[in-house]
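To keep things clear, I will list the structure first and then write my remarks on it.
Residue numbers (the working numbering): 223 to 712.
What follows is the structure, given as structure tokens:
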């Protein structure tokens, strides 16, 4: 075959491929899909994104998956507004009434048509006072499976948090804690604190196990946003066992007592000052994280001292403090995932006083590693407590703040390595390893509080590319045993 004929045939094949792609996508584009989404035509937008997914490059595909999820969220909001009366008729308290079944059939028929058209998985979620509409997570899970470190996941997860505030308000603090675990420096922290204050105002009790977590969220918010109006509502009890009353005045009934130095959230303030003893001040209606609320005289309140927390406690406030107390399954700590192709069986756990210790034992079957998506910054400190037991050296921690820059700790029996710098160390003993940087250009490395290396540059050739935290990364063919007790990040 002549060269010109071969070239002509190749051009014909390319033309056929281009024509085929155009036929199947109908001239769709990411921009067109976004325009449909922004104009409120959510179904049409999702149909466009569905057609684009098989033919899109990696970067465009991330946005397509993201906007498809956003369009579905917009559709859910629209449906809940359109079927507000029917969702109220479908409240569980109305289950024995004729209107319940009629409303259920009407909504389900609509959802079936939508699911059939766009390939979604919308369902009715029963509620005591009002039912709701939600996705089982199909679109989100497809997005997450392909882009675990995507910057867009935070926005989608915050949408779910807002929905939980409405439809699962009794467990709002569990939902907030779970969200904060994933995004400790979230851009939505001010909105999260507003949610906390709203829940406290509505007398939702913070579970005992989460009270320290919620307190730290509030304090971290106050430190980061000291001029916020919400900060002016945060007080500290300056007295112990001070009476809280059901209305302003010392003759009102007692509803509870404060504990010295506990956090109090202002709910109301009296219109005028009152005289109590030799002090004239306002009365404040406050609530504690313990669920106790009532009116307290201003004399016994102190505004939160941001400087005190910044200086005295700032070093101890970690935005992420994971003791591995909860596990998704026997091989996966909650909020962590195994890297693609990783041997999950290498990771197990045993109980300790503060949570669970990760017990790691790889046999070299395949690559191993745990990944946690979190908000990353060039100004950070990350610490973990670990010990080496036997086998080959292992990357016990890697902090990846962009695809080309990371700081990693490798541990062996008789040395520790930070981005290629080896330092003699008895690795079989428990140690707390910490990496800190203010700008990402250089980091300091300490073990048990002792500085061992300064001005460590980031590595640019790491095989770990997704932004976030990695633990226990080991290549295939290498067997290692070690343990990790906690990891912390701020």
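All residues carry an ideal CB built from backbone N, CA and C; glycine is no exception.
From a predicted model like this one, the values you see are computed outputs, not experimental measurements.
Three-state secondary structure assigned by DSSP to residue i
i, result
"residue 694", "strand"
"residue 663", "coil"
"residue 462", "coil"
"residue 554", "strand"
"residue 559", "strand"
"residue 621", "strand"
"residue 319", "coil"
"residue 600", "coil"
"residue 688", "coil"
"residue 449", "coil"
"residue 668", "strand"
"residue 678", "strand"
"residue 289", "helix"
"residue 457", "strand"
Own chain, CB closer than 7 Å to residue i, minus 5 neighbours either side, in chain order
i, result
"residue 684", "620, 622, 628, 630"
"residue 244", "Note that residue 244 scores a pLDDT of 45, beneath 50, so its modelled location is shaky and nothing firm can be said."
"residue 370", "559, 593, 595, 688"
"residue 682", "626, 627"
"residue 610", "633, 634, 635, 649, 650, 704"
"residue 427", "513"
Cβ neighbour criterion (16 or more within 10 Å) applied to residue i
i, result
"residue 306", "exposed"
"residue 673", "exposed"
"residue 642", "exposed"
"residue 551", "exposed"
"residue 246", "The pLDDT assigned to residue 246 is 46, lower than 50, so where the model puts this residue is not dependable, and the model offers no usable value."
"residue 290", "buried"
"residue 392", "exposed"
"residue 506", "buried"
"residue 597", "buried"
"residue 276", "exposed"
"residue 253", "exposed"
"residue 578", "buried"
"residue 367", "exposed"
"residue 645", "exposed"
"residue 262", "exposed"
"residue 534", "Bear in mind that a pLDDT of 41 at residue 534, under 50, signals an unreliable position, so the number given afterwards is only what the model happens to contain. When all chains shown are included, residue 534 counts as exposed."
"residue 705", "buried"
"residue 455", "buried"
"residue 324", "exposed"
"residue 473", "exposed"
"residue 467", "buried"
Sequence-distant residues of its chain with Cβ nearer than 6 Å to residue i (five each side left out)
i, result
"residue 585", "701"
"residue 448", "528"
"residue 692", "591, 593, 620, 686"
"residue 712", "540, 541, 603"
"residue 698", "588, 589"
"residue 558", "592, 594"
"residue 351", "313"
"residue 639", "632"
"residue 297", "264"
Same chain, Cβ closer than 8 Å to residue i, five either side skipped, listed in chain order
i, result
"residue 303", "none"
"residue 269", "339, 340"
"residue 416", "452"
"residue 347", "353, 354, 355, 356, 389"
"residue 439", "398, 402, 411, 414, 415, 418"
"residue 666", "657, 658, 659, 673, 675, 676, 677, 678"
Paired residues, beta bridge with residue i - DSSP
i, result
"residue 702", "584, 613"
"residue 605", "656, 710"
"residue 713", "The displayed coordinates of the chain run from 223 to 712. Any statement about residue 713 would go beyond what the structure contains."
"residue 631", "619, 640"
"residue 645", "638"
"residue 673", "668"
"residue 467", "476, 517"
Any non-hydrogen atom of the ligand ZN within 6 Å of residue i CB
i, result
"residue 593", "What this structure holds is no ligand at all, so the ligand ZN is not there to describe."
Threshold first: 3 residues or longer. Then list the beta strand (DSSP E) segments lying entirely within the region 472-526, N to C.
Here the runs fully enclosed are 476-479, 485-491, 496-498, 501-503, 505-510, 515-519, 523-525.
Runs of 3 residues minimum, wholly inside the region 570-596: which ones carry the beta strand (DSSP E) assignment?
Residue ranges of uninterrupted beta strand (DSSP E) with 3 or more members, entirely inside the region 570-596 and ordered along the chain, are 578-585, 590-594.
Scan the region 336-386 and note each continuous alpha helix (DSSP H) run of 4 residues or more that stays entirely inside, going in chain order.
DSSP runs (the alpha helix (DSSP H)) wholly in the region 336-386: 360-368.
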